[in-house]
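Numbering (the working numbering), first residue to last: 134 to 866. One structure below.
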Amino acid sequence: MPTTPPICQVAVPGPFAEALDYLMPDGMPVPAPGQRVRVGLGRREVVGVVTATPASSNLPRARLRPVTQVLDEAPVLDPNLLRLLTWSAEYYRHPLGEVLHQALPVLLRQGRPARAGTRRYYRITAQGRRQARDEPARAPRQAALLQLLRDAPEGLSATELESIPPGRWQGPLRALQEKGWVRSRETSRVPPRTAVPKPGPPLHPPQTAAVEAVSRALDGFSCHLLQGVTGSGKTEVYLHLIQAVLDAGRQVLVLVPEIALTPQLVRRFRGRLAAPVTVMHSGLGDRERLDAWLSAQGGRAGVIIGTRSAVFVPWVRPGLIIVDEEHDTSFKQHEGFRYHARDVAVMRARMEDIPILLGSATPSLESLANVARGQYTHLRLTERAGGAGTPRAELLDLRRQTLDEGISTGLLKRMETHLEAGGQCLLFLNRRGYAPTLICHACGWVADCPRCDARMTWHHGDGRIRCHHCGHERPRPPRCPACGGTLGGLGEGTERIAQALERHFPGVSTGRLDRDSTRRKGALESVLEDVRSGRFRILVGTQMVAKGHHFPDVSLVGILDADQGLFSADFRAAERMAQLIIQVAGRAGRAGRPGEVVIQTHHPEHPLLRTLVEGGYEAFAEAALAERKAAGLPPFASIALLRAEATAARAPHDFLEAARGALEALQPDSVQAWGPAPALMERRAGRYRAQLMIQSESRPALHRALRQWVPNLGKLPGARKVRWSLDVDALEV
Ligand code: ADP
Ligand code: ZN
Ligand code: ZN
Numbered sequence: 134m135p136t137t138p139p140i141c142q143v144a145v146p147g148p149f150a151e152a153l154d155y156l157m158p159d160g161m162p163v164p165a166p167g168q169r170v171r172v173g174l175g176r177r178e179v180v181g182v183v184t185a186t187p188a189s190s191n192l193p194r195a196r197l198r199p200v201t202q203v204l205d206e207a208p209v210l211d212p213n214l215l216r217l218l219t220w221s222a223e224y225y226r227h228p229l230g231e232v233l234h235q236a237l238p239v240l241l242r243q244g245r246p247a248r249a250g251t252r253r254y255y256r257i258t259a260q261g262r263r264q265a266r267d268e269p270a271r272a273p274r275q276a277a278l279l280q281l282l283r284d285a286p287e288g289l290s291a292t293e294l295e296s297i298p299p300g301r302w303q304g305p306l307r308a309l310q311e312k313g314w315v316r317s318r319e320t321s322r323v324p325p326r327t328a329v330p331k332p333g334p335p336l337h338p339p340q341t342a343a344v345e346a347v348s349r350a351l352d353g354f355s356c357h358l359l360q361g362v363t364g365s366g367k368t369e370v371y372l373h374l375i376q377a378v379l380d381a382g383r384q385v386l387v388l389v390p391e392i393a394l395t396p397q398l399v400r401r402f403r404g405r406l407a408a409p410v411t412v413m414h415s416g417l418g419d420r421e422r423l424d425a426w427l428s429a430q431g432g433r434a435g436v437i438i439g440t441r442s443a444v445f446v447p448w449v450r451p452g453l454i455i456v457d458e459e460h461d462t463s464f465k466q467h468e469g470f471r472y473h474a475r476d477v478a479v480m481r482a483r484m485e486d487i488p489i490l491l492g493s494a495t496p497s498l499e500s501l502a503n504v505a506r507g508q509y510t511h512l513r514l515t516e517r518a519g520g521a522g523t524p525r526a527e528l529l530d531l532r533r534q535t536l537d538e539g540i541s542t543g544l545l546k547r548m549e550t551h552l553e554a555g556g557q558c559l560l561f562l563n564r565r566g567y568a569p570t571l572i573c574h575a576c577g578w579v580a581d582c583p584r585c586d587a588r589m590t591w592h593h594g595d596g597r598i599r600c601h602h603c604g605h606e607r608p609r610p611p612r613c614p615a616c617g618g619t620l621g622g623l624g625e626g627t628e629r630i631a632q633a634l635e636r637h638f639p640g641v642s643t644g645r646l647d648r649d650s651t652r653r654k655g656a657l658e659s660v661l662e663d664v665r666s667g668r669f670r671i672l673v674g675t676q677m678v679a680k681g682h683h684f685p686d687v688s689l690v691g692i693l694d695a696d697q698g699l700f701s702a703d704f705r706a707a708e709r710m711a712q713l714i715i716q717v718a719g720r721a722g723r724a725g726r727p728g729e730v731v732i733q734t735h736h737p738e739h740p741l742l743r744t745l746v747e748g749g750y751e752a753f754a755e756a757a758l759a760e761r762k763a764a765g766l767p768p769f770a771s772i773a774l775l776r777a778e779a780t781a782a783r784a785p786h787d788f789l790e791a792a793r794g795a796l797e798a799l800q801p802d803s804v805q806a807w808g809p810a811p812a813l814m815e816r817r818a819g820r821y822r823a824q825l826m827i828q829s830e831s832r833p834a835l836h837r838a839l840r841q842w843v844p845n846l847g848k849l850p851g852a853r854k855v856r857w858s859l860d861v862d863a864l865e866v
């Protein structure tokens with residue numbers, strides 16, 4: 134009896150809530166879920182992922198189109214990963230096909246084969262190894278390159294080399310090859326491995342306790358929060374646990390925030406672990422990314438270190454997930470598929486039945502609440518590992534100070550003392566550019582962005598004004614366009630502070646660390662190197678300075694403006710400001726020098742600021758959690774934000790009103806809607822923006838309501854006049 138071929142359900146990219154049905158042509162092998170197929174969609178051919186092959190469809194067979202081609206012999210997404218992705222699509226209310234598409238490396242999305250490519254690797258030869266020891270300094274770049282290659286016995290690719298400062302190694306590389314000291318070979322990706330891992334320092338008792346607590350729980354799901362002040366040895370705890378999991382023959386996934394993924398961290402891992410370490414971040418080329426992905430999938434990579442999207446990397450022997458700096462907001466994707474990698478990681482650990490460790494000096498209030506509920510264990514490192522004392526912090530009342538371009542006399546004096554004693558100073562200001570406002574001193578005209586409710590920031594270096602919200606920019610007008618008067622900067626950005634300091638401390642070199650100063654490839658590493666080497670005695674920077682760098686000689690940290698986070702309409706602003714202050718403060722006094730932290734504020738009496746300075750982050754968190762509880766805000770409630778924007782001023786509001794009406798018609802149990810309200814910055818990039826907040830004390834209740842409500846939003850009157858999106862567990866409100 135001839136059997137009817139099964140239906141092939143395929144998740145394709147596009148705004149489809151579910152997988153689409155296709156016919157399996159006669160004679161074509163039936164693919165398993167997780168395999169890629171090529172199918173027709175409208176007038177295009179697309180690559181989709183098979184989710185199921187049921188016997189029948191709800192649609193008549195005559196209306197179904199056939200699968201054009203099966204692309205894989207085996208699934209590229211295994212059942213566990215497919216389950217995680219399906220859960221994520223459901224939870225964040227994003228089309229499954231889009232979610233699966235994003236989880237695949239670009240080359241696989243394009244339908245290319247799931248096979249590792251080859252690349253040219255440069256390796257040191259035995260002769261080169263001998264030379265590395267006594268190469269004279271006549272050719273310093275060649276000598277430096279030999280050193281690098283000597284420490285990387287597995288070889289380095291050209292791309293890897295270019296990412297190591299100062300880059301541009303082609304010349305010296307050619308010279309070394311001509312001498313026969315370096316050879317190159319075309320091979321497929323082998324994740325780099327160190328020949329002989331070096332042992333770390335013996336652990337302190339609290340570190341041992343943390344390692345043991347997690348080690349005891351390696352055989353099933355459990356979640357641990359490792360709260361350790363900066364420099365308390367969290368990374369050492371990770372390294373010990375990772376080695377234990379590797380020894381048991383399993384893989385480890387380590388998620389890190391974008392910026393922390395410095396070569397330094399990767400080098401530290403590679404130098405210490407007896408297993409290949411694969412790195413996945415947004416800087417990889419398409420080929421490199423696929424190779425890294427495949428090395429994780431094939432089990433060749435013992436450790437996978439990656440940023441946000443690595444939470445969806447395939448692996449074969451799951452052992453442990455670590456999320457470093459778990460409070461970092463870069464784990465949340467801010468557009469499209471708005472997932473939070475930390476939260477997805479916890480779900481992944483639960484599905485794979487393995488432990489997960491979240492680490493931070495300043496844990497998110499969400500994670501602390503989970504500790505209080507008994508869902509996470511709390512592991513603590515309260516002292517610094519290297520023997521350095523905890524820095525002393527104090528509030529500096531700006532109302533009693535004379536200011537020189539935003540820096541108080543009190544802070545300047547303190548800097549002088551530290552510089553004279555041979556220390557370095559780190560100043561933090563979360564505003565780049567020269568001045569946030571360009572103003573006419575004669576008539577009060579200010580340079581507004583024509584497309585946003587915002588002012589243009591004046592950038593002195595290239596003489597332009599820029600909107601930091603939409604990217605609009607133009608040359609700085611030489612005179613006031615309204616009255617012809619003289620223009621000047623109002624307020625300070627990092628560029629202006631750096632200039633003021635150079636004037637104040639002539640002969641002391643000042644570095645700047647922000648998005649502008651690090652745009653060029655390799656620039657970030659070179660600024661960091663100049664701080665570590667002591668060439669820069671003062672560093673001024675934005676939040677980029679807060680992230681995981683080790684600056685052993687910094688003895689004074691100045692927070693130039695603590696007030697930004699105190700009075701924001703965003704209920705998370707205070708939490709973020711406290712985390713930033715503590716993280717920046719943590720750069721001070723690491724190597725046996727007592728550190729000092731000076732926080733400039735106009736509100737030294739502000740209760741949260743006082744609690745932070747007097748009681749530290751834990752006291753702050755306790756107070757902030759109490760406030761959130763009283764207000765019924767996360768983590769004591771779940772929220773989702775429906776955002777809408779349009780060029781017409783009323784359209785977002787009208788759509789959101791209709792959406793609110795639709796929600797109320799469902800009469801959802803214990804779910805409230807707040808708004809619609811204009812967004813914090815109502816007009817941005819020429820569009821008016823508004824939002825509706827949906828809130829419930831019960832997460833399941835919220836998701837029940839979303840499940841019914843969201844699929845019908847597109848049919849509401851006015852839906853076509855706006856761009857709308859849903860942000861589940863929105864971080865910025
Ligand atoms: P964190 O990740 O918490 O910032 P690290 O693990 O990077 O801390 O440790 C900070 C510094 O202290 C590093 O230089 C590290 O080598 C050192 N360190 C960590 N643990 C120990 C230890 N048990 N004994 C001596 N030094 C340690
Ligand atoms: Zn004017
Ligand atoms: Zn703008």
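All C-beta atoms, glycine included, are put in the ideal place defined by N, C-alpha and C.
| Item | Value |
| --- | --- |
| Using a 10 Å radius around the Cβ and a threshold of 16 neighbouring Cβ atoms, would you call P608 buried or exposed? | exposed |
| Relative to the alpha-carbon of A152, which residue among L174, Q632, V804, G160 has its alpha-carbon at the smallest distance? | L174 |
| In whole angstroms, give me the CA-to-CA distance for M157 and D581. | 59 Å |
| In angstroms, rounded to a whole number, what distance separates the CA positions of L501 and V362? | 15 Å |
| When you compare the CB positions of W314 and L279, do they come within less than 8 Å of one another, or not? | yes |
| Taking the alpha carbon of G555 as the reference point, which residue from W578, P685, L813, E311 has its own alpha carbon closest? | P685 |
| In the DSSP assignment, find the unbroken beta strand (DSSP E) run with Y254 in it and report its ends. | 251-257 |
| May I ask which residues mark the beginning and end of the alpha helix (DSSP H) holding A150? | Note, A150: premise wrong, no alpha helix (DSSP H); not H, not E. |
| Measure the Cβ-Cβ separation of V444 and R481 and say whether it is below 8 Å. | yes |
| So, under 8 Å CB-CB, I437 and Q384 are touching, yes? Tell me the CB distance rounded to an integer number of Å. | 7 Å |
| Within 10 Å of its beta-carbon, does L294 have 16 or more other beta-carbons around it, so buried, or fewer, so exposed? | buried |
| Where are the beta strand (DSSP E) runs, 3 residues long or more, that stay fully inside the stretch 528-567, in chain order? | 557-561 |
| Would DSSP call E865 helix, strand or coil? | coil |
| Secondary structure at Y472, three-state DSSP: helix, strand or coil? | coil |
| Compute the minimum distance between the beta carbon of H605 and the heavy atoms of ligand 3, and state whether it is under 7 Å. | yes |
| Can you name the start and end residues of the beta strand (DSSP E) that E738 belongs to? | Run containing E738: none; DSSP gives neither H nor E here. |
| Using only alpha-carbon positions, find the residue among D154, V179, V183, R177 that is nearest to A165. | V183 |
| Pull every residue with its beta-carbon under 6 Å away from any heavy atom of ligand 2, and keep them in chain order. | C573, A575, C576, W578, C613, A615, C616, G618 |
| In angstroms, rounded to a whole number, what distance separates the CA positions of R853 and R840? | 21 Å |
| With I772 as the anchor, note down where its beta strand (DSSP E) starts and where it stops. | 771-779 |
| Using beta-carbon positions only, say whether G230 and F149 come within less than 8 Å of one another. | yes |
| Based on Cα-Cα distance, which residue from E778, E865, L859 lies nearest to R822? | E778 |
| State yes or no: is the C-beta of P409 within less than 8 Å of the C-beta of G435? | yes |
| Alpha carbon to alpha carbon, how far is N191 from V143? | 14 Å |
| Consider the C-beta atom of A121 and the heavy atoms of ligand 3; say whether any pair is separated by less than 7 Å. | Here the chain comprises residues numbered 134 to 866, so residue 121 is not present and cannot be evaluated. |
| Please state whether the Cβ-Cβ distance between E628 and H605 is less than 8 Å. | no |
| What separation, rounded to the nearest whole angstrom, lies between the Cα atoms of H736 and E797? | 42 Å |
| Helix, strand or coil for K312, going by three-state DSSP, please let me know. | helix |
| Could you check where the beta strand (DSSP E) with Q360 kicks off and where it finishes? | 355-361 |
| Kindly indicate the opening and closing residues of the alpha helix (DSSP H) around H786. | 784-798 |
| Just curious, the alpha helix (DSSP H) that S221 is in, first and last residue? | 212-224 |
| Assuming H511 is part of the beta strand (DSSP E), what are its boundary residues? | 509-514 |
| Would you mind sorting A346 into buried or exposed? The rule is 16 or more other CB atoms within 10 Å of its CB. | buried |
| Taking only heavy atoms of ligand 3 into account, decide whether any of them is closer than 7 Å to the Cβ of A791. | no |
| Taking just the CA atoms, how far does H836 sit from E790? | 20 Å |
| Is the CB-CB distance between R274 and P238 below 8 Å? | no |
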